[in-house]
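Take a look at the structure below.
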Amino acid sequence: MSKFLHSKFNSLTPYDTSEELESMNGYVKLNTNESPFGPSDKAITYTREAAKTLNFYPDPECRKLADKLSDLLNVKPSEIVFGNGSDEILNFLFMAFCQNGAVFPNITYSFYKILAKFHGVDYVTMPLRDFRIIPDDFSNMNGRTIFIANPNAPTGLALTLDELKQIITSNPDSLVVIDEAYVDFGAESAKDFIHEFDNVIVVRTFSKSRSMAGARLGWAMTNEDLAKDLRNIKNTITPYNINALTQAAALATLENEEETQKNINLICRVREGTKNRLREMGFEVLDSSTNFLFVRHEETSGEKVFEALKRCRIMIRHFDSPPKISDYNRITIGTAEQMQVMLEVLRRVVKK
17 MSKFLHSKFN SLTPYDTSEE LESMNGYVKL NTNESPFGPS DKAITYTREA
67 AKTLNFYPDP ECRKLADKLS DLLNVKPSEI VFGNGSDEIL NFLFMAFCQN
117 GAVFPNITYS FYKILAKFHG VDYVTMPLRD FRIIPDDFSN MNGRTIFIAN
167 PNAPTGLALT LDELKQIITS NPDSLVVIDE AYVDFGAESA KDFIHEFDNV
217 IVVRTFSKSR SMAGARLGWA MTNEDLAKDL RNIKNTITPY NINALTQAAA
267 LATLENEEET QKNINLICRV REGTKNRLRE MGFEVLDSST NFLFVRHEET
317 SGEKVFEALK RCRIMIRHFD SPPKISDYNR ITIGTAEQMQ VMLEVLRRVV
367 KK
């Protein structure tokens, strides 16, 4: 690092994207939980038209998007705030609402810990039990902002709405952030809680179920007071954070929900078929409400499985830490054909 870097950043551990860069080079890509289906023809058409206006700044409030989302989700446009991916929303939340600290599970989306360290937020983690978030463990957090990925990653397990409500009601002085990146694949959304409670923010993304990971678009839903706070943060730092091409593609995607749902249903069917076949091969596979599976084999290490697939140009996600999950791998659900290729390689690996 240079001598000019602020000393508070000396110990930063950036989010690791090295495997992402490697896996783009002709691999079957099952490591980053994107959709295997490309954007719709309508999204491509809208994007092409939007490219003609790139000499102008984009709409800073994404008004067409907000109006369309409000119709689909039964929330007001004023209750929606857009981010450059849901990660930007999470960054704003750690920046704005964690003066009393943060709390999240010890096994969850790794970006929470990265953002906490980046912003100097005092944080604590709560252990999972049998890979499940236990609501009682998150009671009375004394004003700490609570981050719950539901469904959780990398485990794929989801809390019920009653379990989420228990966390919310036991923490009236804490903001509860419910990160629903994978909710479309089998969990219940907590979006209606933003009208029932004054301490809830629900975060969503276009990256997973809506085939737009490359466009970078996420959004938060919350009551108007919190939305105003969040919007002020956004407009102070990056008012034009959603570019015109992304806004156009997202609007087209929202106008084509039937295709999105068709893709979701197909991913879920392939997920369940893959889960069953992995179990037949002796893998332990957690149930999943996401577009990925969390798996391990009793007789073959997670690292060995990962390396064997990589040699065959198939990328999955292996976790070196924490030690509790070092024998597990996370496998994104691709097309039926991609999963068949992966399963054939795995069958040879476990036989050895």
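Residue numbers for the sequence shown follow the numbering used here, beginning at 17 and rising by one.
C-beta: ideal position from N, C-alpha, C; glycine also.
Predicted model only: the values in this text are computed from it and were never measured.
Beta carbon of residue i nearer than 8 Å to that of residue j
| i | j | result |
| --- | --- | --- |
| residue 223 | residue 101 | yes |
| residue 193 | residue 161 | yes |
| residue 221 | residue 168 | no |
| residue 10 | residue 241 | Because the chain here runs from 17 to 368, residue 10 falls outside it and cannot be looked at. |
| residue 305 | residue 202 | yes |
| residue 47 | residue 252 | no |
| residue 382 | residue 44 | Outside the modelled stretch of the chain, which goes from 17 to 368, sits residue 382, for which no answer is possible. |
| residue 76 | residue 344 | no |
| residue 259 | residue 74 | yes |
| residue 117 | residue 24 | no |
| residue 280 | residue 317 | no |
| residue 237 | residue 104 | no |
| residue 263 | residue 78 | yes |
| residue 197 | residue 165 | yes |
| residue 82 | residue 110 | no |
| residue 108 | residue 250 | yes |
| residue 86 | residue 80 | no |
| residue 361 | residue 302 | no |
| residue 151 | residue 130 | no |
| residue 297 | residue 364 | no |
| residue 231 | residue 265 | yes |
| residue 409 | residue 187 | The chain is shown from 17 up to 368; residue 409 falls before or after that span and cannot be answered. |
Where the beta strand (DSSP E) containing residue i begins and where it ends
| i | result |
| --- | --- |
| residue 135 | No beta strand (DSSP E) holds residue 135; DSSP gives it neither H nor E. |
| residue 300 | 299-301 |
| residue 67 | No beta strand (DSSP E) holds residue 67; DSSP gives it neither H nor E. |
| residue 332 | Careful: residue 332 lies outside any beta strand (DSSP E) and carries neither H nor E. |
| residue 195 | 192-195 |
Reduced DSSP secondary structure (H/G/I, E/B, other) of residue i
| i | result |
| --- | --- |
| residue 10 | One cannot answer for residue 10 here, as it falls past the ends of the chain, which runs 17 to 368. |
| residue 345 | strand |
| residue 338 | coil |
| residue 164 | strand |
| residue 363 | helix |
| residue 318 | helix |
| residue 53 | coil |
| residue 221 | strand |
| residue 140 | strand |
| residue 24 | helix |
| residue 44 | strand |
| residue 309 | strand |
| residue 82 | helix |
| residue 237 | strand |
| residue 216 | strand |
| residue 352 | helix |
| residue 324 | helix |
| residue 118 | strand |
| residue 199 | helix |
| residue 171 | coil |
| residue 357 | helix |
| residue 76 | coil |
| residue 58 | helix |
| residue 188 | coil |
Continuous alpha helix (DSSP H) stretch holding residue i: start and end
| i | result |
| --- | --- |
| residue 113 | 102-113 |
| residue 289 | 273-296 |
| residue 99 | Element bounds for residue 99: not the alpha helix (DSSP H) but the beta strand (DSSP E), 96-99. |
| residue 123 | No alpha helix (DSSP H) contains residue 123, which DSSP labels as neither H nor E. |
| residue 211 | 209-212 |
| residue 148 | It is not in any alpha helix (DSSP H) - residue 148 carries neither H nor E in the DSSP assignment. |
| residue 264 | 260-270 |
| residue 249 | 240-253 |
| residue 179 | 177-185 |
Rounded Cβ spacing between residue i and residue j (contact assumed at less than 8 Å)
| i | j | result |
| --- | --- | --- |
| residue 357 | residue 330 | 7 Å |
| residue 308 | residue 172 | 6 Å |
| residue 310 | residue 346 | 6 Å |
| residue 98 | residue 267 | So it is not a contact: roughly 12 Å between Cβ atoms. |
| residue 128 | residue 163 | 5 Å |
| residue 176 | residue 204 | 7 Å |
Meets three-Cβ-pair contact criterion under 8 Å: the segment 266-276 and the segment 127-143: no
At least three beta-carbon pairs within less than 8 Å, the segment 282-298 to the segment 145-162: no
The segment 25-32 contacting the segment 238-254, beta-carbon criterion three pairs below 8 Å: No, because fewer than three Cβ pairs between the segment 25-32 and the segment 238-254 fall closer than 8 Å, the two stretches do not touch.
Sufficient close CB pairs (3 or more, under 8 Å) joining the segment 51-65 to the segment 202-216: no
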